[in-house]
Amino acid sequence: MRFPSPVSLNWIAELINAELLGNTSGMATGINEIHRVEDGDLVFVDHPKYYDKCLRSAASFIIINNRNVSIPEGKALLVVDHPFDAYTTIVNHFRPFIPATKSISDTAVIGEGTYIAPHSSVGHYVQIGKNCRIHPNVTILDHCIIGDNVVIQAGTVIGSDAFYYNTKKDRECWYKRMQSCGRVIIEDEVEIGAGCTIDRGVSHDTRIGKGTKIDNMVHIGHDTIVGRNCLFAAQVGIAGACTIEDGVTLWGQVGVNKTLTIGKNAVVFAQSGVPGDLEGGKIYWGSPTEEASIKKRELIWIKRIPEIWQKLTQGS
Amino acid sequence: MRFPSPVSLNWIAELINAELLGNTSGMATGINEIHRVEDGDLVFVDHPKYYDKCLRSAASFIIINNRNVSIPEGKALLVVDHPFDAYTTIVNHFRPFIPATKSISDTAVIGEGTYIAPHSSVGHYVQIGKNCRIHPNVTILDHCIIGDNVVIQAGTVIGSDAFYYNTKKDRECWYKRMQSCGRVIIEDEVEIGAGCTIDRGVSHDTRIGKGTKIDNMVHIGHDTIVGRNCLFAAQVGIAGACTIEDGVTLWGQVGVNKTLTIGKNAVVFAQSGVPGDLEGGKIYWGSPTEEASIKKRELIWIKRIPEIWQKLTQGS
Amino acid sequence: MRFPSPVSLNWIAELINAELLGNTSGMATGINEIHRVEDGDLVFVDHPKYYDKCLRSAASFIIINNRNVSIPEGKALLVVDHPFDAYTTIVNHFRPFIPATKSISDTAVIGEGTYIAPHSSVGHYVQIGKNCRIHPNVTILDHCIIGDNVVIQAGTVIGSDAFYYNTKKDRECWYKRMQSCGRVIIEDEVEIGAGCTIDRGVSHDTRIGKGTKIDNMVHIGHDTIVGRNCLFAAQVGIAGACTIEDGVTLWGQVGVNKTLTIGKNAVVFAQSGVPGDLEGGKIYWGSPTEEASIKKRELIWIKRIPEIWQKLTQGS
Chain A
1 MRFPSPVSLN
11 WIAELINAEL
21 LGNTSGMATG
31 INEIHRVEDG
41 DLVFVDHPKY
51 YDKCLRSAAS
61 FIIINNRNVS
71 IPEGKALLVV
81 DHPFDAYTTI
91 VNHFRPFIPA
101 TKSISDTAVI
111 GEGTYIAPHS
121 SVGHYVQIGK
131 NCRIHPNVTI
141 LDHCIIGDNV
151 VIQAGTVIGS
161 DAFYYNTKKD
171 RECWYKRMQS
181 CGRVIIEDEV
191 EIGAGCTIDR
201 GVSHDTRIGK
211 GTKIDNMVHI
221 GHDTIVGRNC
231 LFAAQVGIAG
241 ACTIEDGVTL
251 WGQVGVNKTL
261 TIGKNAVVFA
271 QSGVPGDLEG
281 GKIYWGSPTE
291 EASIKKRELI
301 WIKRIPEIWQ
311 KLTQGS
Chain B
1 MRFPSPVSLN
11 WIAELINAEL
21 LGNTSGMATG
31 INEIHRVEDG
41 DLVFVDHPKY
51 YDKCLRSAAS
61 FIIINNRNVS
71 IPEGKALLVV
81 DHPFDAYTTI
91 VNHFRPFIPA
101 TKSISDTAVI
111 GEGTYIAPHS
121 SVGHYVQIGK
131 NCRIHPNVTI
141 LDHCIIGDNV
151 VIQAGTVIGS
161 DAFYYNTKKD
171 RECWYKRMQS
181 CGRVIIEDEV
191 EIGAGCTIDR
201 GVSHDTRIGK
211 GTKIDNMVHI
221 GHDTIVGRNC
231 LFAAQVGIAG
241 ACTIEDGVTL
251 WGQVGVNKTL
261 TIGKNAVVFA
271 QSGVPGDLEG
281 GKIYWGSPTE
291 EASIKKRELI
301 WIKRIPEIWQ
311 KLTQGS
Chain C
1 MRFPSPVSLN
11 WIAELINAEL
21 LGNTSGMATG
31 INEIHRVEDG
41 DLVFVDHPKY
51 YDKCLRSAAS
61 FIIINNRNVS
71 IPEGKALLVV
81 DHPFDAYTTI
91 VNHFRPFIPA
101 TKSISDTAVI
111 GEGTYIAPHS
121 SVGHYVQIGK
131 NCRIHPNVTI
141 LDHCIIGDNV
151 VIQAGTVIGS
161 DAFYYNTKKD
171 RECWYKRMQS
181 CGRVIIEDEV
191 EIGAGCTIDR
201 GVSHDTRIGK
211 GTKIDNMVHI
221 GHDTIVGRNC
231 LFAAQVGIAG
241 ACTIEDGVTL
251 WGQVGVNKTL
261 TIGKNAVVFA
271 QSGVPGDLEG
281 GKIYWGSPTE
291 EASIKKRELI
301 WIKRIPEIWQ
311 KLTQGS
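Protein chains in written order, with UniProt numbering: chain A, 1 to 316; chain B, 1 to 316; chain C, 1 to 316.
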């Protein structure tokens, strides 16, 4: 999340009651979780296992629960006992929860020629472009951005919170939600079917590229970046923080694991499960996926096991 | 789609700015996409690969981008540069998009004893029979027809547009939606769970037969015809233009590929993927499906590979 | 379902026009279907195959279509021609369908600090605790109970009716819905994603334990009991009457068959299909599931079939 304008580290330190070490005169331009940090960002870390990763990341300012780490040149530490809670405090300050009181928020901007059906909700600071068609019972939550000529069919939810938790198994409730402050950005000419859910980024954006078409009941996780001219058939599920490049086709009920990349123009057959990166320009099948031609041959080999058995036991 | 009354070809030719060749005095009774054409229908074709199929189909009048094809006896050609756009023009003329302005359209007809919960939407020209129960947040879109004693649980969408695109990869946006003008017809005593989506036909009807019961989050694609007394468990997905005959049972998360037929009383076990036609009266399993007994035996054979290896390498 | 207060058997017998045999002075405290019966309950049975099971169950009073069975000590029979219809009559008497007329029923109780977004429905006799966040287009149906600090994201349905039918293939409509009179109980600190559906119990409760977190488009069937601190990723489907113990993790698109138990802290990998009970503390994979380590080895063995073939045919 970008801040509306740069904020002094001293002000942040006061907000979260932190000890400030290192480049104490810095200005923070935003806050992000570790997968999405950029120069000028705040980030948090609370487990020694990840100290190094965070200190070496692009983030300039690290909220941390240890004052005895060496501070990289030009960076600053904000030392607190509970970095996760400090993160939440900052997010809630800049993106406070504002209850919806009407169907279309007064702060939403709706383009010319756009139709929004009854029983749809458009949240605070939402922007919708021109000539869109938003069908009934659609929910577009705060801060999401929709381009021109976009179709969103009935019952779909844009901008639900990320399924992203801070996990500690030594407390009564193991999972604490990491407050989402990212957005969903839907580019021009995108069409989204009925009953879909597209989560906002935890701290960054989930994005659907121009001209991509999505069938019914497709789930797209937080921070996932979908390219242009992709085609996702019904009941596809894509986990968080994936990169789906341009022209990718996923057939029905395909499942995609988190934080992976599917290359340009790849095609994945129905019901496949994608466990890791897939190279572009190829056709995949299976759970876990392989190249479809390999998978097909494998199924033929499996059918030959009884013949192998017979050869082996009867010597014929 | 049937037209309200037959329309002269000359009038159509003028509407889409076409050159009319062959049986120029014909009257068109409707328009359909190629899988559903009937005598009296208009159809369109824009790729030489499909010229023949269209010219030989049941359609009487062919919107085409080539004047140099031989015209079958009694048929007519409507020659235009862009047949797909001409199709859209005709559909939009006969089924113009009419924004919804209230929860239940004034043109909807609702039978006696039917309950429609708050936050549900009933579109233009919808017909709903007697003693139905429509739960909250249901969306029933324009022109759909619902029989008597039908239950539709919360959040379900009836009549979403087909996921059906004209594809050309040499333009900026590869996929152009083929405008749906078909309907969904739900017969008496059907019950549909929560969070389902049933797409309307592209140009014809999607139909759910009498007494069929559908669990939550089931997706049924455009133009699919479901018989009587079928049972679909949760999260089943059926692609477009399928025929599911009477008494078919699909267990949870089954996926069904497009344009296939599943025969009477077939049973398909959970998570199976149906790639092609299935004969009725049998039990199926697997992705891709096989008869369940064969699939079970196959799993046993797979377990024996280590034993085969041992026999082979140790000669025992 | 518990009755508001105990009801005399004579009164019940009159309501359903039954002949009362055995302990005719009994008082019924509730009615349940056979999987959930307790002492004091009415139950029904209409097929000789299940007579014994019902007569020996914890139920005290059996609605049955046969007067010539021996009555266990202290129990009573209510003899009718159509036990299923008698069951429905009793359920409809104690839980009559009451149409919703507004977004939030006057009989609902909403705790302090709880936010309910526009376009959400809260049914009759619903209880919602403190500091909950109910997003737009959520449906919470009659009699459901929600704890404190619960989050329910947009488009989710709580308390849809069970997918549970009385089946007889010798009538025109094979399936008659068994009227649900159970509830959904959601404990404190539970978070439920967008587009989920959680069915009420047929006659008992569906329950989601404290601190459990559920991603988008998850389906949970009737009467299923989910423990504390479980984590269900997107598009998981759990059938009816399951027991999911504390700390269970189900990754995306997992399917779980009905009436089974998954033990404490079990982990099930994405797209797996769980056919029967799983012991706690282990990691599972596959459809049908096996321990993940076994499944992984199996995939390696399958890859070796061509090598086996070569060894066998070329003797090398």
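Note that CB positions come from ideal geometry on N, CA and C, so glycine has one too.
Under the 8 Å criterion on CB atoms, residue 157(B) is classed as interfacial with respect to chain A.
The C-alpha of residue 290(C) lies about 51 Å from the C-alpha of residue 24(C). Residue range 83 to 94 is occupied by the alpha helix (DSSP H) that includes residue 87(B). Scanning 186(B), 78(B), 98(B), 53(B) for the CA closest to the CA of residue 128(B) turns up 186(B). Where residue 251(B) is concerned, there is no enclosing beta strand (DSSP E), because DSSP gives it neither an H nor an E.
Close partners of residue 163(C) in chain B (Cβ separation under 8 Å): 193, 213, 215, 216, 233, 234.
DSSP, reduced to helix, strand and coil, places residue 313(C) within a helical segment of the structure shown. Residues of the region 296 to 308 of chain A that bring their beta carbon within less than 9 Å of a beta carbon in chain B comprise 299, 302, 303, 305, 306, 308, in sequence order. Within chain C, 312 have C-beta atoms less than 8 Å from the C-beta of residue 312(A), given in sequence order. The alpha-carbon of residue 274(C) is positioned some 35 Å away from that of residue 188(B). Residues of the same chain with a CB within less than 8 Å of the CB of residue 41(A), apart from the 5 flanking positions on each side, are 28, 29, 30, 31, 32, 58, 59, 60, 61 in chain order. Scanning chain A for C-beta atoms nearer than 7 Å to the C-beta of residue 137(B) yields 137, reported in chain order. Secondary-structure assignment with DSSP links residue 285(C) through a beta bridge to 290(C).
115, 117, 118, 119: these are the residues of the region 107 to 133 of chain A whose beta carbon lies less than 7 Å from some beta carbon of chain B, given in chain order.
In the three-state reduction of the DSSP assignment, residue 260(A) falls in the coil class, being assigned neither a helical nor a strand state. Contact between the region 4 to 23 of chain B and the region 77 to 86 of chain B is present: 3 or more CB-CB pairs across the two stretches fall below 8 Å. Segment contact: the region 144 to 153 of chain A against the region 190 to 200 of chain A, three or more CB-CB distances shorter than 8 Å; contact assigned. Note on the region 96 to 184 of chain A: whole beta strand (DSSP E) runs with a minimum of 3 residues are 157 to 160, 165 to 167, 175 to 177, in chain order.
Residue pairing from DSSP places residue 79(C) in a beta bridge opposite 19(C), 64(C).
Rounded to whole angstroms, the separation of the alpha carbons of residue 299(A) and residue 90(A) is 53 Å. For residue 141(B), same chain residues with a beta-carbon under 6 Å away, outside a window of 5 residues either side, are 123, 159 in chain order.
In terms of Cα proximity to residue 209(A), the closest of 148(A), 293(A), 115(A), 163(A) is 148(A).
In this chain, the beta strand (DSSP E) harbouring residue 42(B) covers 41 to 45. Close CB contacts of residue 163(A) within its chain, under the 8 Å cut and outside five residues either way in sequence, are with 199, 221, 222, 240 (chain order). Secondary structure note for residue 48(A): its alpha helix (DSSP H) is the uninterrupted segment 48 to 55.
Residue 199(B): member of the beta strand (DSSP E) spanning 197 to 199, first to last residue. Distances from the alpha-carbon of residue 105(A) to those of 117(C), 101(C), 104(C), 246(C) put 117(C) closest. For residue 3(C), the enclosing beta strand (DSSP E) begins and ends at 2 to 8.
The DSSP-derived three-state label of residue 219(C) is strand. Not flagged as an interface residue toward chain A: residue 100(C), since no C-beta distance is shorter than 8 Å. Neighbours of residue 174(C) across chain B, judged by C-beta separation under 7 Å: 211, 229.
Under the Cβ criterion of 8 Å, residue 259(C) is not counted among the residues facing chain B. Chain-ordered, the chain C residues with CB closer than 7 Å to the CB of residue 189(B) read 173. In this structure residue 97(A) is exposed. Its beta-carbon is surrounded by fewer than 16 other beta-carbon atoms within 10 angstroms. Residue environment for residue 257(C): buried (at least 16 other C-beta atoms within 10 angstroms of its C-beta). The region 225 to 239 of chain B and the region 251 to 266 of chain B touch, with no fewer than 3 CB-CB distances between them shorter than 8 Å.
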